[in-house]
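Structure record follows, encoded as structure tokens.
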Amino acid sequence: MTRWDERIAADLAAIETAGRWRSTRTFDAFGQVGELEEETVVSFGGNDYLGLSQHPAVIDAAVAAAHRWGTGSTAARLLVGTRPVHHDLEEALAAWKGTEAAVLFSTGFQANLGVLGALGTAGTTILSDELNHASIIDGCRLAAAATRVFGHGDLNHLDALLAQTPGPAIVVTDTVFSMDGDIADVGGFASVCARHGALLLLDEAHAVLGPDVDPDDIECDLVRVGTLSKTLGALGGFVAGSRDVVDLLVNRSRPFIFTTASTPPDAAAALAALGVLRSPEGDRLVERLRAAVYRLRSGHPSPIVPVVIGAEEDAMAAAAALLGRGLYVPAVRPPTVAAGSSRLRIALSAAHTDDQIDQLVVALRELALS
Ligand SMILES: Cc1ncc(COP(=O)(O)O)c(C=O)c1O
Numbered sequence: 004m005t006r007w008d009e010r011i012a013a014d015l016a017a018i019e020t021a022g023r024w025r026s027t028r029t030f031d032a033f034g035q036v037g038e039l040e041e042e043t044v045v046s047f048g049g050n051d052y053l054g055l056s057q058h059p060a061v062i063d064a065a066v067a068a069a070h071r072w073g074t075g076s077t078a079a080r081l082l083v084g085t086r087p088v089h090h091d092l093e094e095a096l097a098a099w100k101g102t103e104a105a106v107l108f109s110t111g112f113q114a115n116l117g118v119l120g121a122l123g124t125a126g127t128t129i130l131s132d133e134l135n136h137a138s139i140i141d142g143c144r145l146a147a148a149a150t151r152v153f154g155h156g157d158l159n160h161l162d163a164l165l166a167q168t169p170g171p172a173i174v175v176t177d178t179v180f181s182m183d184g185d186i187a188d189v190g191g192f193a194s195v196c197a198r199h200g201a202l203l204l205l206d207e208a209h210a211v212l213g214p215d216v217d218p219d220d221i222e223c224d225l226v227r228v229g230t231l232s233k234t235l236g237a238l239g240g241f242v243a244g245s246r247d248v249v250d251l252l253v254n255r256s257r258p259f260i261f262t263t264a265s266t267p268p269d270a271a272a273a274l275a276a277l278g279v280l281r282s283p284e285g286d287r288l289v290e291r292l293r294a295a296v297y298r299l300r301s302g303h304p305s306p307i308v309p310v311v312i313g314a315e316e317d318a319m320a321a322a323a324a325l326l327g328r329g330l331y332v333p334a335v336r337p338p339t340v341a342a343g344s345s346r347l348r349i350a351l352s353a354a355h356t357d358d359q360i361d362q363l364v365v366a367l368r369e370l371a372l373s
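Reminder that position 58 of the sequence shown reads as 61 in the numbering used here, one-by-one numbering, no gaps.
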């Protein structure tokens, strides 16, 4: 008979022996500065790219929604109905993305599982970039479709694989890669997809500085995935596309049908954040973020700035050295990134001050990390 306690203890011991032990740390903060295990630090770990999770109008919207509709949605929307704020947010997201419709999921992770499962039916092939986010990888695993992986951003490889693919095909890529901060050639992907009649599925979770996508310029079928949890400062995900794609998701997508809807405060916060983002204030915040990124790495296309170090223990030591200077930058190691490419992942925000960024620049230089 299996002794589960022994089995679990052995699994934990193996993780520890491999030097890959992970645990969460309490970060008591409002925004970038807070107490990490009793030390005051500036965090470069979050994805609150425009600082909207702390914006007064966003906070007020979340509080008002809690008073009006309560803190939770209480059930899946097909069971309990849609709160008006869910509907309003979906309309606003569709308008922002230039699509006919959009549908909310409880997280961005679920949005990827949901859309890949619903579109990736038996007989379909999903072609996925080798550096796509874990939620896309898991979506491919859950879908009945076959999956083929193409080299990172390699349009020739993709083209060759599509040429060998019989039947319907979905090409899926992050537009900003979450551990490298590099961006996809969206126009190039669209051309290859158009040539082969493939549907292009873009995950734009981190696309605050671009690449901008105008559906009118895209020659192939297009579906767009996004999250409320990063630039929009709340929690949730969405899929934007044609009315038919959205109807199909509502009817078939298990992560939509069988999960409680995102909370009214989250939906209201995201709606308010989207209002800020699409206003002149939002333009200023985006330009402020771009300037923050360029202060650290001139010309870099996204707020995710990696410092690739190599060995896991060296990356951990670098993160510890920065923490010693009051700068919290997470080290990312396998299996999140490939062995030998452990790194620091710096995430910048418009809410970081120039001083905070300069402290980081100096520390990286003094520790010979830049
Ligand atoms: C590219 C990408 N897609 C999807 C997600 C999942 O989004 P969420 O955090 O809203 O679940 C992430 C989150 O890290 C991501 O980086």
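For every residue, glycine included, the Cβ atom is placed at its ideal position computed from N, Cα and C.
Check                                                                                                                                                           : Outcome
What do you get for residue 82, buried or exposed, if any count of 16 or more other CB atoms within 10 angstroms of its CB means buried?                        : exposed
Taking contact to mean 3 or more Cβ pairs, one atom from each stretch, closer than 8 Å, check whether the region 360–372 and the region 324–335 are in contact. : yes
Quick test of your reading: residue 178 and residue 206, contact by CB under 8 Å. State the CB separation rounded to the nearest angstrom.                      : 7 Å
Quick check on this structure: which residue in 167, 119, 195 and 138 has the alpha carbon closest to the alpha carbon of residue 156?                          : 195
Please report how far the alpha carbon of residue 145 lies from the alpha carbon of residue 116, in whole angstroms.                                            : 7 Å
Reducing DSSP to helix, strand and coil, say where residue 14 ends up.                                                                                          : helix
Quick check: is any heavy atom of ligand 1 less than 6 Å from the C-beta of residue 177?                                                                        : yes
Less than 7 Å between the beta carbons of residue 212 and residue 287, yes or no?                                                                               : no
Would you mind working out which of 15, 49 and 85 sits nearest residue 270, comparing C-alpha positions?                                                        : 85
So within the region 138–170, which uninterrupted alpha helix (DSSP H) runs reach at least 4 residues, ignoring any that extend past its ends?                  : 158–166
Which residues bound the beta strand (DSSP E) around residue 337?                                                                                               : Residue 337 -> no beta strand (DSSP E), and no H or E assigned at all.
Going straight from the alpha carbon of residue 25 to that of residue 319, what length do you get?                                                              : 11 Å
Return the CA-CA distance between residue 47 and residue 152, expressed in angstroms with no decimal places.                                                    : 31 Å
So, at 8 Å on beta carbons, what are the nonlocal neighbours of residue 219 in its own chain, with the 5 sequence-adjacent residues on each side left out?      : 101
Is it a yes or a no for the region 259–279 touching the region 56–65, going by three-plus beta-carbon pairs under 8 Å?                                          : yes
So, is residue 226 buried or exposed, given that buried needs 16 or more other C-beta atoms within 10 angstroms?                                                : buried
Just checking residue 192 against ligand 1 - is the residue's beta carbon closer than 6 Å to any of the ligand's heavy atoms?                                   : no
Can we count residue 361 as close to ligand 1, meaning its CB is less than 6 Å from some heavy atom?                                                            : no
With H, G and I counted as helix, E and B as strand and the rest as coil, what does DSSP make of residue 289?                                                   : helix
From what residue to what residue does the alpha helix (DSSP H) around residue 361 run?                                                                         : 357–369
Relative to ligand 1, is the shortest distance from any of its heavy atoms to the C-beta of residue 27 smaller than 6 Å?                                        : no
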